[in-house]
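Numbering (my numbering), first residue to last: 1428 to 1749. A short write-up of the structure that comes next.
Next comes the structure, spelled out in structure tokens:
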């Protein structure tokens, strides 16, 4: 809890604010926020306002925090004055002098509300204040020296508090993401139910021709074969077309092509040989002689009488009888 702010005499205020460590800590706090040549002026103005105040905190840590708040006002005044000087024709926006202090208090109050119930208290408030001061550019070692605590212990407190914040914020982000997903899903379902999109069906031309197209192409090829007098091939292709399109085979031109091919094949077929007529052997040449001179053709016999029988020789029995 914060220490009460009570009236203080000039001697007490001078003793509290004349501490060199306080002035160094205040200079470190201001450094990095304003130009280097403005640091001493802002530190001096902050200490003067603190001395002019009627009430000051009694505790040293609360006094330093209070003086740092005055320094934040001075930094805000510095930038507000610069904005007015550089704004054309008085277009600068007035910034309240205590806006920085209000922002810091609001941030502390919000951050403390994000902590679990068991983590809230004076220790958490001090750790949050350390985090704010570290965010403003102060070194953690300087803050630890100012609060008379060990730097590793203070760093551990800050790290633990940051871990709690990360876990808390991760849970909140997950909840927000879940809500957004539910909202998007509801919108999609509503749009689908209100204005359903009719799918557009387009006929894609098939690369494979239909049976009728194939039959027409086969008949065209068959007509060319008939024209070229390839009769057997013509009939074969016409049969293939008939298997695909039986009705088209009844066309006049198709039947005419079939009849023409059949007549041509009938005329070209040679007569079958008869078995009763003897073969003509006169055309069969004789083999050549050993000297290479061809033999004369063998005469064809015209008689059909059987050859005469040879006389029989007498046997031994007949000779003995004579």
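Using N, Cα and C, we set each Cβ at its ideal position, and we do this for glycine too. These numbers come from a predicted model, not from an experiment.
The residue from 1445, 1505 and 1672 with its alpha-carbon nearest to that of residue 1644 is 1672. Segment contact: the stretch 1582 to 1596 against the stretch 1605 to 1619, fewer than three CB-CB distances shorter than 8 Å; contact not assigned.
Listed as beta-bridge partners of residue 1610 by DSSP are no residues whatsoever.
It is roughly 20 Å from the alpha-carbon of residue 1604 to the alpha-carbon of residue 1591. For residue 1475, the enclosing alpha helix (DSSP H) begins and ends at 1466 to 1479.
In this structure, the beta-carbon distance from residue 1466 to residue 1454 falls below 7 Å.
Separation of residue 1483 and residue 1498 (C-alpha to C-alpha, rounded to the nearest whole angstrom) is 15 Å.
Looking at the DSSP output, residue 1461 bridges to 1458. Residue 1688 is positioned such that its CB atom lies closer than 7 Å to that of residue 1661. Between residue 1457 and residue 1470, the C-beta spacing is below 7 Å. Assigned with DSSP and collapsed to three states, residue 1587 falls in helix. Taken atom to atom, the span from the alpha-carbon of residue 1549 to that of residue 1475 is near 29 Å. The C-alpha of residue 1493 is placed about 13 Å away from the C-alpha of residue 1450.
Residue environment for residue 1495: buried (at least 16 other C-beta atoms within 10 angstroms of its C-beta). Taking all protein chains in view, the Cβ of residue 1684 is crowded by 16 or more other Cβ atoms within 10 Å, so the residue is classified as buried. By the neighbour-count criterion, in which 16 or more other beta carbons inside 10 Å mark a residue as buried, residue 1560 falls on the buried side.
Assigned with DSSP and collapsed to three states, residue 1553 falls in helix.
When rounded, the separation of the alpha-carbon atoms in residue 1448 and residue 1581 is 19 Å. CA-to-CA, the gap between residue 1594 and residue 1606 works out to about 19 Å. For residue 1576, there is no enclosing beta strand (DSSP E), as DSSP marks it with neither H nor E. Setting aside the 5 residues that flank it on each side, residue 1639 is surrounded in the same chain by 1672, each with a C-beta closer than 6 Å to its C-beta; the list follows chain order.
Taking the Cα positions, residue 1509 is about 18 Å away from residue 1473. By the beta-carbon neighbour count (other beta carbons within 10 angstroms, threshold 16), residue 1557 is buried.
The DSSP-derived three-state label of residue 1482 is strand.
Residue 1488 sits in a helix when the DSSP states are folded into three classes. Taken through DSSP and simplified to helix, strand or coil, residue 1635 comes out as coil. Closest in alpha carbon position to residue 1481, among 1441, 1651, 1598 and 1656, is 1441.
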